[in-house]
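Enquirer: Numbering (the working numbering), first residue to last: 404 to 664. Note that the Cβ used here is the ideal one computed from N, Cα and C, for glycine as well. On a predicted model such as this, the values are computed, not experimentally measured, just so you know.
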C-alpha cells in the first residue's frame, strides 16, 4: 500500500474528463482512484475491494497545498475497468479508456514521468529496444489473458443487467453466490433496504427504487379466515444485481430457476 511522500500530480485528458497520476515509490504510475471511478462510471466503494498492493493513500501537491488522496496502481486500474460491465464493448467509454491508457499514457509516463513529454528513447541501442519490446509484449500478453479470463463473467453480468423484470433477494443471492441472509444484511448496510420499527417486511430506499435498482411488488393474499391483505415484497432488478456485484466484488452466475417478475 502506497503512502507518505509528496508527489506532483500529472493530469491528462481522456475525451472530456481529467485523470491524474503520480509516480509511486516503486517507480510505476499510480492513478487517483476517484478519477478512474468517474471515467468508467463505477461506485467509489469498488476501490475497497482491491488487493492491498493495488490501492493506497498518497500525499500529493495541489493548489491548496499537500493533500492525502486515494490512489490505485496500474493493476488496480485494470481490475476496476474489467469489473465494469461495459469493459468488453468496443463502443463504450470503459473500453476506449482501457485501450487508450495501455497504448498511450502508460508507456509515456514510464519513460518521462509525465504525459505528453517527449519520450527519451535511444533508437541506436539494440539492448534497450529488445528490453522495451519484451516488457510491453509480456504486459500485453498478461492483460489479454486476464481479459479472456474475465470475459464470460463480464458477459454474464451484462446479460443480467440488461434483463427485464426483477428477482426476489433470495434468487439474487444465488446469482451472487452468497447466503440470502448475508445479502439482506449487506443491502441493509449499504442503505438499499430497511425495516420500519415494529415491521418485519423489508422495504427499499426511495433513491434506489428511483434509480431502477429495486422495485416493490404488492400481492393480494387471502388469509385462512377469508379476509384479504396486501403483501409487500422488495425485489432487485437485473441492473441492481449488476451494481451490487460491482460494489461487493462478487462473481455473478446466471441461475436458470431464478423467478423473474
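Residue ranges of each alpha helix (DSSP H) run of no fewer than 4 residues wholly in the segment 561-591, ordered along the chain?
Expert: With a minimum length of 4 residues, the continuous alpha helix (DSSP H) runs that stay inside the segment 561-591 are 572-578.
Enquirer: Is residue 430 buried or exposed, if buried means 16 or more other CB atoms sit within 10 Å of its CB?
Expert: When all chains shown are included, residue 430 counts as exposed.
Enquirer: I need the boundaries of the beta strand (DSSP E) containing residue 479, first residue and last residue.
Expert: Premise fails: residue 479 lies in the alpha helix (DSSP H), 477-486, not in any beta strand (DSSP E).
Enquirer: Using 10 angstroms around the beta-carbon of residue 597, count the other beta-carbons present and answer buried if the total reaches 16, otherwise exposed.
Expert: Exposed is the call here.
Enquirer: Can you look up residue 433 in the DSSP assignment and give me helix, strand or coil?
Expert: The answer is strand: DSSP assigns residue 433 an E or B state.
Enquirer: Taking residue 599 as part of the alpha helix (DSSP H), name the residues at either end of that continuous run.
Expert: Here residue 599 belongs to no alpha helix (DSSP H), and DSSP marks it neither H nor E.
Enquirer: In terms of residue numbering, what span does the beta strand (DSSP E) encompassing residue 647 cover?
Expert: Residue 647 -> not in any beta strand (DSSP E); alpha helix (DSSP H) instead, spanning 641-651.
Enquirer: Quick one: give me the first and last residue of the beta strand (DSSP E) that residue 423 is part of.
Expert: That run of the beta strand (DSSP E) goes 420-426.
Enquirer: For the structure I just gave you, are there three or more beta carbon pairs, one from the segment 624-633 and one from the segment 586-605, closer than 8 angstroms?
Expert: The answer is no - the segment 586-605 does not touch the segment 624-633, with fewer than three Cβ pairs under 8 angstroms.
Enquirer: How many angstroms separate the CA atom of residue 520 from the CA atom of residue 415?
Expert: No answer about residue 520 holds up, because its pLDDT of 40 lies below 50 and its placement is not dependable.
Enquirer: Which one or two residues does DSSP pair with residue 670 in a beta bridge?
Expert: Lying outside 404 to 664, the shown extent of the chain, residue 670 is not represented and no answer is given.
Enquirer: Going by alpha carbons, who is nearest to residue 622 out of 638, 481, 456, 493?
Expert: It is 638.
Enquirer: Bridge partners for residue 472 per DSSP, in chain order?
Expert: DSSP, once it has assigned bridges, lists 461 as partnering residue 472.
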